[in-house]
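Student: Can you keep this structure in mind? I'll have questions shortly.
Chains as they are written, first to last, in this note's numbering: chain A, 28 to 278; chain B, 1302 to 1619.
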């Protein structure tokens, strides 16, 4: 492949949305209220819309006749490069919202930078996605506050979720080889520069939600290198089921 | 109010409906009208909400990203339909919580078709094509029903349902024109969904208890049997067009009636499912009740937070 770094770079962005979209999609019909059900489905829908644009772009760059679906559904587990955060399970609504929030704060600041990319397709996708992700962030932030500063039960559950997921936040700011190459070319975003503002923003909202900012300095990583938690395999088994069971067909 | 005054009001009320005027939430209405509408509209809302489950079942396994996006959007539409149908019910003085309670306790019904399982991807095609197809036939006449909020909700619902129906048929076309294995999936789905879809249009006229009154109030404009015939006449050519076979040996075009004759419907099965013995009745209720109970702490938190926020604002105002 001529432009392997760009291809890998796009997967690094798209896989996050794919896996998070898949997680949210499995909640449809089971939400705590009709309104939250609609909102989570909507976020999932936005993410899959973004995913399609990214993979279509990646497919063109790969130039080996693979389609967006081949890229999305026919890789092996080790070839998915999403961060560990997005593959964490829907343990309960607090976890779902905490995962969303911790990703959204990053996602929005990332897209704001990606808009400046020299790759015009990436810049256009970022531009279109910002509106959607701003809404995602507003929604998840509201729930962090509602659950953090709601009842004693919701406070405890939200604190548990934040504590549980905190260990996956640092990985958002790790640079891969493809990242470095793309930053050098003016195509990619230097994620290391987003870190400080991220923790400031997250910290301010957690504080407003009367939640404690976890003190742990131990962070998990590996997703960006394809070394995932045990959760991902099951998610992929569902995601890939039809493509694996009925290969080479049009749907 | 004297009996005579009430009779007078009732006569005026019926005359308005006969003149095709809409009844609005604040208008006087007979208690029976109110109750009948709550029953029908909430049953419809419940069907949308329970109907999200069999299709939601395939969101994570949709075969392509395009299909996944379309399915998510469709199930989201259903949630939206549920939302505004519940809101339409609320205009008649009943809360969404009360209506949920009726659903969860089994007092309120929902469309029995959703008590069948979706066991292959082709079921997403069959449900869209047949189930939404039958729903549209049921619902289009309701766009002119007498109760304003219901009629307006139905206009929007029908537009979206007709899109869903085309989307479902398009899934079937693709499968029917695909590999032998895909065609088999499509035929198998049609075999399983055909008869329940016919049942969806309701019991035969002889056994339908609500029809007469409902006709007068324009809650129903055609009888169940007429609607069923319309559905069959419309759907059989669609199946033929894509080379699928309707699973009814007695199905035959009747030149004289200019309609299809069809075989006997297994009404025992229909009543069994209505009574709670369908393949998925228990699971569907378990999922709904589970979501509601597990969501209680979330709803409580949202209420508590709103209350705190209000108090803070009031304090600031002082």
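Quick reminder that beta carbons are idealized off the backbone N, C-alpha and C, glycines included.
1. Please list, in chain order, all residues of the same chain as residue 1458 of chain B whose beta carbon is under 7 Å from its beta carbon, the five residues on each side excluded.
2. So what's residue 1567 of chain B in DSSP terms, helix, strand or just coil?
3. Since residue 1413 of chain B contacts residue 1579 of chain B with CB under 8 Å, what's their CB separation in whole angstroms?
4. Give me whichever residues DSSP pairs with residue 1562 of chain B in a beta bridge.
5. How long is the line joining the alpha carbons of residue 1540 of chain B and residue 1500 of chain B, rounded to whole angstroms?
6. Put residue 98 of chain A into one of helix, strand or coil per three-state DSSP.
7. So what's residue 133 of chain A in DSSP terms, helix, strand or just coil?
8. Going along the chain, which unbroken runs of the beta strand (DSSP E) with 3 or more residues stay wholly within the stretch 1336-1366 of chain B?
9. Would you check if the stretch 152-166 of chain A and the stretch 1590-1598 of chain B touch, i.e. whether three or more CB-CB distances between them fall below 8 Å?
10. Hey, out of B:1478, B:1582, B:1527, whose CA is closest to residue 1571 of chain B's CA?
11. Let's test the definition: count the other Cβ atoms within 10 Å of the Cβ of residue 69 of chain A and tell me whether it reaches 16, buried, or not, exposed.
12. Which residues in the same chain have their Cβ closer than 7 Å to the Cβ of residue 1563 of chain B, if we skip the five residues on either side of it in sequence?
13. Roughly how far, in whole angstroms, is the beta-carbon of residue 1374 of chain B from the beta-carbon of residue 72 of chain A, given that I think they are within contact range, below 8 Å?
14. Residue 1389 of chain B: which of B:1405, B:1356, B:1341 sits nearest, CA to CA?
15. Going by C-alpha distance, which of A:169, A:217, A:124 is nearest residue 192 of chain A?
16. Consult DSSP for residue 1619 of chain B and reduce its assignment to one of helix, strand or coil.
17. For residue 1425 of chain B and residue 1482 of chain B, which I take to be in contact (beta-carbon distance under 8 Å), what is that distance rounded to the nearest angstrom?
18. Residue 96 of chain A touches chain B at which residues, Cβ-Cβ below 7 Å?
19. For residue 235 of chain A, which of A:176, A:94, A:55, A:161 has the nearest alpha-carbon?
20. Given a cut-off of 8 Å, decide if residue 202 of chain A and residue 219 of chain A are closer than it, judged by their beta-carbon atoms.
21. Determine the direct distance from the alpha carbon of residue 93 of chain A to that of residue 37 of chain A, and round the result to whole angstroms.
22. Between A:195, A:136, A:49, A:32, which has its C-alpha nearest residue 1366 of chain B's C-alpha?
23. To the nearest angstrom, how far is the alpha carbon of residue 1606 of chain B from that of residue 174 of chain A?
24. Which of helix, strand or coil does DSSP assign to residue 254 of chain A?
25. Label residue 1327 of chain B either buried or exposed according to how many other C-beta atoms from any shown protein chain fall within 10 Å of its C-beta, with 16 as the threshold for buried.
26. Looking at residue 112 of chain A: is its Cβ nearer than 8 Å to the Cβ of residue 198 of chain A?
27. Given a threshold of 16 other Cβ atoms within 10 Å of its Cβ, counted over all protein chains shown, does residue 1406 of chain B qualify as buried or as exposed?
28. From the DSSP secondary-structure annotation, give me the bridge partner or partners of residue 1334 of chain B.
29. Judging by CA-CA distance, which residue of A:259, A:278, A:276 is the nearest neighbour of residue 42 of chain A?
30. How would you label residue 1516 of chain B, buried or exposed, when you count the other beta carbons within 10 angstroms and need 16 or more for buried?
31. Residue 1457 of chain B: beta carbon under 7 Å from a heavy atom of the ligand PLP?
Tutor: Here's the rundown:
1. Here the set comprises 1382, 1440.
2. When DSSP states are grouped into helix, strand and coil, residue 1567 of chain B belongs to the coil group.
3. Correct: roughly 6 Å between the Cβ atoms.
4. Answer by DSSP bridge pairing, in chain order: B:1553.
5. Roughly 18 Å between the two C-alpha positions.
6. Looking at residue 98 of chain A - three-state DSSP - the assignment turns out to be helix.
7. Helix, per DSSP.
8. Complete beta strand (DSSP E) runs here, min 3: none at all.
9. Judged by Cβ distances under 8 Å, the stretch 1590-1598 of chain B makes no contact with the stretch 152-166 of chain A, as fewer than three pairs qualify.
10. Nearest C-alpha to residue 1571 of chain B: B:1582.
11. Answer is buried; the Cβ neighbour count reaches 16.
12. Within the same chain, Cβ atoms closer than 7 Å to the Cβ of residue 1563 of chain B are found at 1533, 1549, 1551, 1552, the five residues on either side in sequence being excluded.
13. Correct: roughly 6 Å between the Cβ atoms.
14. Comparing Cα positions, the closest option is B:1341.
15. Nearest of A:169, A:217, A:124 to residue 192 of chain A, Cα basis: A:124.
16. If DSSP states are grouped into helix, strand and coil, residue 1619 of chain B belongs with coil.
17. Incorrect: roughly 16 Å between the Cβ atoms, too far for contact.
18. Ordered by position in chain B, the residues that pass the 7 Å Cβ test against residue 96 of chain A are 1365, 1366.
19. Measuring from the Cα of residue 235 of chain A, the nearest candidate turns out to be A:176.
20. Contact flag set, yes.
21. The alpha-carbon atoms of residue 37 of chain A and residue 93 of chain A are separated by roughly 15 Å.
22. Ranking A:195, A:136, A:49, A:32 by CA distance to the CA of residue 1366 of chain B puts A:49 first.
23. Approximately 8 Å between the Cα atoms of the pair.
24. It is coil, neither helix nor strand.
25. Exposed, because fewer than 16 other Cβ atoms sit within 10 Å of the Cβ of residue 1327 of chain B.
26. Yes, Cβ-Cβ distance for residue 112 of chain A and residue 198 of chain A is below 8 Å.
27. That one is exposed.
28. Looking at the DSSP output, residue 1334 of chain B sits in no beta bridge, so it has no partner there.
29. Residue A:259 holds the alpha-carbon nearest to the alpha-carbon of residue 42 of chain A among A:259, A:278, A:276.
30. Classification for residue 1516 of chain B: exposed.
31. Only the bare structure without any ligand can be found here, which leaves the ligand PLP out of the picture.
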